[in-house]
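Trainee: Heads up: the protein sequence lines correspond to chains U and D, in order. Under numbering that gives the first Met the number 0, residues 0 to 211 are what the first sequence spells out, in order. Under numbering that gives the first Met the number 0, residues 0 to 211 are what the second sequence spells out, in order. In this text, a Cβ means the ideal position worked out from N, Cα and C, and glycines have one as well. Shown below is the structure under consideration.
There are 2 protein chains.
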Amino acid sequence: MNTVPVKRKRGRPPKSQNTGYQDTRQALIGVGLAALTEKGYSYTGLDEILRQAKVPKGSFYHYFDNKEAFGKALIEAYGRFFANKLERSLTDNTLPPLERIRAFVEGAKAGMEKFDFRRGCLIGNMGQEMAALPESFRNLLREVFRDWEARIARVLEEARQAGDISEDVVPEQMAQFFWIGWEGAVLRAKLDQSPQPLEQFADGFMALVRGG
Amino acid sequence: MNTVPVKRKRGRPPKSQNTGYQDTRQALIGVGLAALTEKGYSYTGLDEILRQAKVPKGSFYHYFDNKEAFGKALIEAYGRFFANKLERSLTDNTLPPLERIRAFVEGAKAGMEKFDFRRGCLIGNMGQEMAALPESFRNLLREVFRDWEARIARVLEEARQAGDISEDVVPEQMAQFFWIGWEGAVLRAKLDQSPQPLEQFADGFMALVRGG
DNA sequence: ATTTAATAGACGATCGGTCGTATACTTTTG
DNA sequence: CAAAAGTATACGACCGATCGTCTATTAAAT
Chain U
0 MNTVPVKRKR GRPPKSQNTG YQDTRQALIG VGLAALTEKG YSYTGLDEIL RQAKVPKGSF
60 YHYFDNKEAF GKALIEAYGR FFANKLERSL TDNTLPPLER IRAFVEGAKA GMEKFDFRRG
120 CLIGNMGQEM AALPESFRNL LREVFRDWEA RIARVLEEAR QAGDISEDVV PEQMAQFFWI
180 GWEGAVLRAK LDQSPQPLEQ FADGFMALVR GG
Chain D
0 MNTVPVKRKR GRPPKSQNTG YQDTRQALIG VGLAALTEKG YSYTGLDEIL RQAKVPKGSF
60 YHYFDNKEAF GKALIEAYGR FFANKLERSL TDNTLPPLER IRAFVEGAKA GMEKFDFRRG
120 CLIGNMGQEM AALPESFRNL LREVFRDWEA RIARVLEEAR QAGDISEDVV PEQMAQFFWI
180 GWEGAVLRAK LDQSPQPLEQ FADGFMALVR GG
C-alpha cells in the first residue's frame, strides 16, 4: 500500500531513467489509500498527501482532474486490493468453507493490529461520510459491497451444500448481513483500539449461520 | 432537535423578552446535532453552523471554548437524547422484552426515513472519524456505547428470564454485538438510502438471540 | 517547431480562532 | 438610593493557515 516517491526536476523528465508515468500516480494512490483508510475523504487534504508522496502540488492536477477523480481512483484501487485479499482467504481449498471466512477475519484482525487500529476500511469510511461526498461516489461504493457480498455468498453456498450450515440460510442475505455488521465491527475496533469487536461479531455471525 | 433562532440586537439583551441565557447555546447545539449526524465533525465548519443558527461568530466563543468543547457538548447532548429515545421503547411494559427492541428498531427506521437517510448516528459517525478527532473524544464515545449497551443488556436479561431466548446467551455480550452491528447497519442504510439494512440486521440479531 | 509531461506558485474561499466594542443586567460603594 | 464598577451577552471585522483549483512556464520528446 506504500510507494516510494522520487525527487523530480522541473519540466518533462527524460525517458531513460523514468520508470514511467505511472510512478507518480501510483505514489499518490498509495499514500492516498493510507490516508483515507485512516481519516476519510473529507478530512484528508491534498497538501498532506502531496507532502507525504513528495509530489509537488502542480503535478497533482496533471494526474487527476480534481479531488473527486482522485477519490474515485482510490475507491477502485481499494476495491481491487481488498477483493484480492478476500479471495486469497476464501479460495483456500485446504480449509472447509466456514473456516475460510474465519481465516479472512483473522487476517483482518492482524491487519488492523499492525496499524494500531488506526486504519479501517476505506469503503466503510466513505459510506459513513456519504453525506459529505460527491454523489457520484455512491454507486461506486455500493458496487464494491455487491462484489464483496457475492464472494462471501459463494462460500456460504458451498458451506450449505457441504451441510456445514443450516439448510434454510439464504447465502445472499447472510452475506449482506455479514458486511453490514463487519463494517460496524471495524468502526468499533478503531474506537476501542482492540480486535475484540471483530471477534465478537465474527463469533455471532458463525453462531447465526450454524444455527440457521 | 431544531431550535428557532431569534434576531438579536447588539449588546446584552434585556431580561424581559429573553428566554434566557440558554437560548443561543441551545440553538447552537440543535443545529450542531443536525449537522454532525449528517456530515460528521471534521467536515462541518463552524461558519455553517453559525449561519444556520443565525448566531454571530463572536457569540460562539462566548458559549464554547473552541470547536472541541462544542463537540464534547454535542456528544453529551446526543447521548442523552438517544438514551431517552431508547428508554421509551425499552421500558414499554405492554410489550414482551424482545418486541421492545423491535419497537426501537422500527422507531429508528422511521427516524432515518424522515430525513431521507441523510442523518445517521452521531456517535457512530464520530467513532469512524476518531483518527481525525481530538483524543479526548474517545472515552466520551465509548462511555455512550457502554450506556446504550447496558440498556439493551437489561432487556435481554429480562427476555432470558421470561424464557424468550436461549438460556446460554450472555446478555452483555449480545448487547455489544447488537451495537456493533447496528452502527454498521445505520452506515449502510445511509449509503443505500434504504431501511433494508436496518431490517436485515435486526432480523439476523433476533434469529441469533432466539437460536442461542 | 510543435506537442506534451511536469512543475511552480498564486488564487479566492473557507478553516478555526481572536479581538475590540456595544449594550444590559448585577454588585459594590458612598 | 444613586452613581460607579464589574459581568454577561452580542456583534462582526479580522487573522494566519489551509482548502481545492488553475494558469503560466519549463524542458523533454517528436
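Short of 7 angstroms Cβ to Cβ, which residues in the segment 195 to 210 of chain D face chain U?
Mentor: Those would be PRO196, GLN199, PHE200, GLY203, ALA206, LEU207, GLY210, in chain order.
Trainee: By the criterion of Cβ-Cβ separation under 7 angstroms, what are the contact partners of GLN175/D in chain U?
Mentor: As a first step, residue 175/D must be located in the second sequence, where it is residue number 176. Simply GLN199.
Trainee: Can you tell me the Cβ-Cβ gap for ALA72/D and ILE28/D, rounded? I've got them flagged as a contact below 8 angstroms.
Mentor: As a working note, residue 72/D is residue 73 in the second sequence. As a working note, residue 28/D is residue 29 in the second sequence. Going by Cβ atoms, the distance from ALA72/D to ILE28/D rounds to 6 angstroms, so yes, they are a contact pair.
Trainee: Could you tell me the boundaries of the alpha helix (DSSP H) in which ALA131/U lies?
Mentor: For the purposes of this step, residue 131/U is identified with residue 132 of the first sequence, where counting begins at 1. From DSSP, ALA131/U is part of no alpha helix (DSSP H); its letter is neither H nor E.
Trainee: The alpha helix (DSSP H) that contains LYS53/D, what's its start and end?
Mentor: By one-based count along the second sequence, residue 53/D stands at place 54. That residue, LYS53/D, is in no alpha helix (DSSP H); it is neither H nor E in DSSP.
Trainee: Can you tell me which of the three DSSP states PHE116/D falls into?
Mentor: Here residue 116/D is taken as the residue at index 117 of the second sequence, counted from 1. It is coil, neither helix nor strand.
Trainee: Taking GLU112/D as the reference, give the member of VAL30/D, LEU190/D, LEU207/D with the closest Cα.
Mentor: For the purposes of this step, residue 112/D is identified with residue 113 of the second sequence, where counting begins at 1. Comparing Cα-Cα distances from GLU112/D to each of VAL30/D, LEU190/D, LEU207/D, the minimum goes to LEU190/D.
Trainee: To the nearest angstrom, report how far apart PRO55/U and LEU49/U are at their CA atoms.
Mentor: What you label residue 55/U is simply residue 56 of the first sequence in a count that begins at 1. What you label residue 49/U is simply residue 50 of the first sequence in a count that begins at 1. The straight-line gap from Cα to Cα measures roughly 6 angstroms.
Trainee: Does ALA184/U get closer than 8 angstroms to chain D when you measure Cβ to Cβ?
Mentor: What you label residue 184/U is simply residue 185 of the first sequence in a count that begins at 1. Judged by the 8 angstroms Cβ criterion, ALA184/U is in contact with chain D.
Trainee: For MET173/D, collect the residues of the same chain with a Cβ closer than 7 angstroms to its Cβ; drop the 5 residues on either side in sequence, then sort them by chain order.
Mentor: The count along the second sequence starts at 1 and reaches residue 173/D at position 174. For MET173/D, where only same-chain residues beyond five positions count, the Cβ hits under 7 angstroms are LEU155, VAL208.
Trainee: Going straight from the alpha carbon of ARG159/D to that of SER165/D, what length do you get?
Mentor: The residue you call residue 159/D lines up with position 160 of the second sequence. The residue you call residue 165/D lines up with position 166 of the second sequence. Roughly 7 angstroms between the two C-alpha positions.
Trainee: If you follow the alpha helix (DSSP H) that GLY203/D is part of, which residue opens it and which one closes it?
Mentor: Counting from 1 along the second sequence, the entry for residue 203/D is found at position 204. That run of the alpha helix (DSSP H) goes 195 to 210.
Trainee: Roughly how many whole angstroms lie between the Cα atoms of LEU139/U and ALA76/U?
Mentor: Start at 1 with the first residue of the first sequence, and residue 139/U comes out as number 140. Start at 1 with the first residue of the first sequence, and residue 76/U comes out as number 77. Their backbone Cα atoms lie some 12 angstroms apart in a straight line.
Trainee: Hey, is the segment 176 to 189 of chain D in contact with the segment 179 to 194 of chain U, meaning 3+ C-beta pairs nearer than 8 angstroms?
Mentor: Yes, the segment 176 to 189 of chain D is in contact with the segment 179 to 194 of chain U.
Trainee: With burial defined as no fewer than 16 other Cβ atoms inside 10 Å of the residue's Cβ, what is the status of GLU86/U: buried or exposed?
Mentor: By 1-based counting over the first sequence, the position of residue 86/U is 87. The residue in question, GLU86/U, is exposed, as its Cβ has fewer than 16 Cβ neighbours within 10 Å.
Trainee: Looking at chain D, which residues of the segment 135 to 162 of chain U have a Cβ within less than 9 angstroms of any of its Cβ atoms?
Mentor: For the segment 135 to 162 of chain U, which is checked against every Cβ of chain D, the residues closer than 9 angstroms are ARG137, LEU140, ARG141, PHE144.
Trainee: Is the distance from the Cβ of LEU89/U to the Cβ of ARG145/U below 8 angstroms?
Mentor: On the first sequence, position 90 is the one that residue 89/U refers to. On the first sequence, position 146 is the one that residue 145/U refers to. No, the pair does not count as a contact, with Cβ atoms beyond the cut-off.
Trainee: Buried or exposed for GLU274/U, going by 16 or more other Cβ atoms inside 10 Å?
Mentor: Past the boundaries of the shown model lies residue 274/U; chain U is included only from 0 to 211, so the question cannot be answered.
Trainee: So, does the CB of GLY123/U fall closer than 8 angstroms to a CB anywhere in chain D?
Mentor: Position 124 of the first sequence holds residue 123/U. GLY123/U counts as touching chain D.
Trainee: Got a sec, what are the start and stop residues for the alpha helix (DSSP H) GLU171/U sits in?
Mentor: Within the first sequence, residue 171/U is the residue found at index 172, counting from 1. GLU171/U -> alpha helix (DSSP H) spans 170 to 191.
Trainee: Can you list, in chain order, the residues of its chain whose CB lies under 6 angstroms from that of PHE69/D, leaving out five sequence neighbours each side?
Mentor: Translated into the one-based positions of the second sequence, residue 69/D becomes position 70. So the qualifying residues of the chain are PHE63.
Trainee: Tell me which residue opens and which closes the alpha helix (DSSP H) that SER165/U is part of.
Mentor: In the first sequence, counting from the first residue as 1, residue 165/U sits at position 166. Note, SER165/U: premise wrong, no alpha helix (DSSP H); not H, not E.
Trainee: Would you call GLY78/U buried or exposed, if buried means 16 or more other Cβ atoms sit within 10 Å of its Cβ?
Mentor: The residue you call residue 78/U lines up with position 79 of the first sequence. When all chains shown are included, GLY78/U counts as buried.
Trainee: Using only the alpha-carbon positions, how far apart do VAL169/U and GLY162/U sit?
Mentor: Within the first sequence, residue 169/U is the residue found at index 170, counting from 1. Within the first sequence, residue 162/U is the residue found at index 163, counting from 1. Near 13 angstroms, if we compare the C-alpha coordinates of GLY162/U and VAL169/U.
Trainee: Quick check on GLN51/U - is its C-beta less than 8 angstroms from some C-beta in chain D?
Mentor: Against the first sequence, residue 51/U aligns to sequence position 52. It does not: the Cβ of GLN51/U has no partner Cβ on chain D nearer than 8 angstroms.
Trainee: Look at the alpha carbon of VAL30/U and the alpha carbon of LEU94/D, and state the distance between them as a whole number of angstroms.
Mentor: By one-based count along the first sequence, residue 30/U stands at place 31. By one-based count along the second sequence, residue 94/D stands at place 95. Each residue's Cα considered, the two are about 52 angstroms apart.
Trainee: At the 8 angstroms Cβ level, is LEU190/U part of the contact set with chain D, yes or no?
Mentor: In the first sequence, the residue the question calls residue 190/U occupies position 191. With 8 angstroms as the cut-off, LEU190/U counts as an interface residue toward chain D.
Trainee: Less than 8 angstroms separating the beta-carbons of ARG118/U and THR36/U?
Mentor: Locating residue 118/U in the first sequence gives position 119, where the first residue counts as 1. Locating residue 36/U in the first sequence gives position 37, where the first residue counts as 1. In contact: ARG118/U and THR36/U (Cβ atoms closer than 8 angstroms).
Trainee: Do PHE116/D and ALA188/D have their CB atoms nearer than 8 angstroms?
Mentor: Position 117 of the second sequence, counted from the first residue, corresponds to residue 116/D. Position 189 of the second sequence, counted from the first residue, corresponds to residue 188/D. For PHE116/D and ALA188/D, yes; Cβs fall inside 8 angstroms.
Trainee: Starting from the beta carbon of TYR77/D, find every residue of chain U whose beta carbon is closer than 8 angstroms, and list them in chain order.
Mentor: As a working note, residue 77/D is residue 78 in the second sequence. Neighbours of TYR77/D on chain U: none; closest Cβ ~15 angstroms, over 8 angstroms.
Trainee: With DSSP as the reference, label LEU94/D as helix, strand or coil.
Mentor: The count along the second sequence starts at 1 and reaches residue 94/D at position 95. Coil, per DSSP.
Trainee: Residues of chain D with a CB under 7 angstroms from the CB of LYS38/U: which are they?
Mentor: Locating residue 38/U in the first sequence gives position 39, where the first residue counts as 1. Simply ALA130, ALA131.
Trainee: If I measure Cβ to Cβ from PRO133/U and keep anything under 8 angstroms in the same chain, skipping five residues before and after, which residues do I get?
Mentor: On the first sequence, position 134 is the one that residue 133/U refers to. The residues are GLU67, GLY70.
Trainee: Could you please give the first and the last residue of the uninterrupted alpha helix (DSSP H) stretch that includes SER88/D?
Mentor: For this step, residue 88/D is matched to residue 89 along the second sequence. From DSSP, the alpha helix (DSSP H) with SER88/D extends over 66 to 89.
Trainee: Exposed or buried, ALA109/U, counting other C-beta atoms within 10 Å across all chains shown (16 or more means buried)?
Mentor: If you number the first sequence from 1, residue 109/U lands on position 110. Under this definition ALA109/U is an exposed residue.
Trainee: Give me the subset of the segment 81 to 105 of chain D whose CB atoms are less than 7 angstroms from a CB atom of chain U, sorted by chain position.
Mentor: Here the close residues number zero.
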